[in-house]
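Only one structure is covered here, and it is reproduced in the block below.
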Amino acid sequence: MMKIKKGDTVRVIAGADKDKEGKVIAVNHKKGTVIVEGVNMITKHTKPSVANQQGGIIHQEAPIDASNVMYLADGKVSRIGFKMEGDKKVRVAKATGKVID
């Protein structure tokens, strides 16, 4: 189970893009990867198509392993825990103790 969700703000803690921050665009639960806005950029060569008539070189984000990112709560990286609030299970930032969602 992954504790990072789409829309979360995260900081990269390992790899070439260490200490970069961004918003999670997509999460792949099966592979355990996330795509973070502006992190792990690659250049992709595309042929002209109906959607992209020009073709050429495109810069886009590549997936990064979920273990290499940490949730960012109030400018501080934090692990994520769970607790019950009434009948609802909610995510909690362990560093601040605040409920995430």
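Count the sequence shown with this note's numbering and you get residues 101 to 201, in order. All residues carry an ideal CB built from backbone N, CA and C; glycine is no exception. In this text, all values refer to a predicted model and were calculated from it rather than measured experimentally.
- Distances from the alpha-carbon of residue 196 to those of 158, 123, 190 and 174 put 174 closest.
- Pairing residue 201 with residue 191, the inter-Cα distance amounts to about 6 Å.
- When the Cα atoms are used, residue 111 and residue 120 turn out to be separated by approximately 6 Å.
- Out of 109, 115 and 156, the CA that lies nearest to the CA of residue 165 is found in 115.
- Straight across, the Cα-Cα distance linking residue 106 with residue 154 is about 31 Å.
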